[in-house]
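So the sequence shown is numbered by my numbering: it starts at 324 and just counts up by one.
Every residue, glycine too, gets a C-beta built ideally from N, C-alpha and C.
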Amino acid sequence: MATPKIKSKTSTPQKSNHAPERKAALKPKRFKSAYSKAEMEEIFRRFSVQRPEPKGELEHVNPFTLVVAVALSAQATDAGVNKATRALFKVADTPEKMLALGEEGVTQYIKTIGLYRNKAKNVIALCRMLIDEFGSQVPKTREELIRLPGVGRKTANVVMSMAFGVPTLAVDTHVFRIANRLLMAPGKTPDEVEENLLKVIPDQYLFHAHHWLILHGRYCCKARKPECERCVIADLCRSPEKTVDVPAPLVELPQQLIGEAVE
324 MATPKIKSKT STPQKSNHAP ERKAALKPKR FKSAYSKAEM EEIFRRFSVQ RPEPKGELEH
384 VNPFTLVVAV ALSAQATDAG VNKATRALFK VADTPEKMLA LGEEGVTQYI KTIGLYRNKA
444 KNVIALCRML IDEFGSQVPK TREELIRLPG VGRKTANVVM SMAFGVPTLA VDTHVFRIAN
504 RLLMAPGKTP DEVEENLLKV IPDQYLFHAH HWLILHGRYC CKARKPECER CVIADLCRSP
564 EKTVDVPAPL VELPQQLIGE AVE
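Dropping the structure here:
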């Protein structure tokens, strides 16, 4: 008589016909400004009354000197850069003239600016690229501009706006601070703030928005202590740091004196 086979007590687990449930993909956190569309329009309308034609405060004579000045302004003040570049641009206002100075020559002009040795190296490399690849002309697109040594997205946006009239939004320390402090377009990085600001700034005010925000941060909503009593948007402001609810009189400010900026 055949001995019956005894089934093993240890059974092989059967594969499930259903794949394990995947975790739902996390949706990116949706950005939300503290201001309505109407409030944003009113904020920038007041900025436009206060400064109808805002200007950048870096001294320059052409697109080339502008890109050099903006590149030099990283971790430096506009006033400090202007003091250093006034003499430099008198002798070197083209890539060829700047290249002829060499790194040491450029260094002698900009040694009062932070990180001047690395910046002088970048300026010379930038000149070589402009001459070799762009016919000594400053390119007009962001993709080409950011290829230049020492030129990042912020610098490219400034040059596109100021030199070529393209409505861009450069996020420097002032713009980054204002966007976060006022809860206008909070973000953890300059790129994130730029993306969020572009969603809320009314199209008709976009071209000058960069300068309005910089000047508001430089002269009114200062880093250490905001001067809320001088603020034309004090009634609209949602900043937890706000100390005044009554806006300052909305009047046009005196014309900017480029080169005399107070940082």
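With C554 and A571 assumed to form a contact (beta carbons below 8 Å), what rounded beta-carbon distance in angstroms separates them? 6 Å
With DSSP as the reference, label P386 as helix, strand or coil. helix
Segments assigned alpha helix (DSSP H), at least 4 residues, entirely inside the region 483-569: 496-504, 513-523 and 529-542
Would you say F499 reaches chain B, if we count a Cβ-Cβ gap shorter than 8 Å as a contact? Absent from the structure is chain B; it holds one protein chain and no more.
Three-state secondary structure (DSSP) at E419? helix
Locate the alpha helix (DSSP H) running through W454, then write down its first and last residues. The sequence as given places Ile at residue 454; Trp does not occur at that position. From DSSP, the alpha helix (DSSP H) with I454 extends over Y439 to F457.
Does DSSP put I366 in a helix, in a strand, or in coil? helix
Thinking F457 and D416 are a contact (beta carbons under 8 Å), I'd like their distance in whole angstroms, please. At roughly 16 Å, the Cβ-Cβ gap does not stay under 8 Å, so F457 and D416 are not in contact.
Kindly indicate which three-state DSSP category K477 falls into: helix, strand or coil? helix
Whose CA, out of C560, V574 and D568, lies closest to the CA of I366? C560
From C450 to L389, what distance separates their C-alpha atoms? 13 Å
Alpha carbon to alpha carbon, how far is R409 from D401? Give it in angstroms, no decimals. 12 Å
Please look up how many angstroms separate the CB atoms of T491 and N480, rounded, as I've assumed it's under 8 Å. 4 Å
Pick from N405, E467 and G473 that is closest to K444, judged by C-alpha positions: G473
Nearest neighbour of V482, chosen from A508, E380, K406 and K434 [CA to CA]: E380
CB-CB under 8 Å to F487, same chain, minus the five flanking residues each way: which ones, in chain order? P386 and K463
Can you tell which of V574, P525, L422 and A394 has the C-alpha that lies nearest to the C-alpha of I469? A394
By alpha-carbon positions, which one of V414, T566, R541 and K406 ends up nearest to T496? R541
Could you tell me if K477 is buried or exposed, where buried requires 16 or more neighbouring beta carbons within 10 angstroms of its beta carbon? buried
Measuring CB to CB, does E419 end up less than 8 Å from I454? yes
Enumerate in chain order the residues of its own chain whose CB-to-CB distance from K565 is below 6 Å, with the five nearest sequence positions on each side excluded. C551
Out of L438, A532, F412 and H533, state which residue places its alpha-carbon closest to the alpha-carbon of A399. L438
Beta-carbon proximity list for L573, same chain, < 6 Å, skipping 5 on both sides: R369, V372 and V555
Pairwise C-alpha distance: V429 and L411: 8 Å
Do you know how far the Cα of M507 is from the Cα of V446? 35 Å
Out of G403, H383 and A448, which has the shortest C-alpha to C-alpha gap to L424? A448
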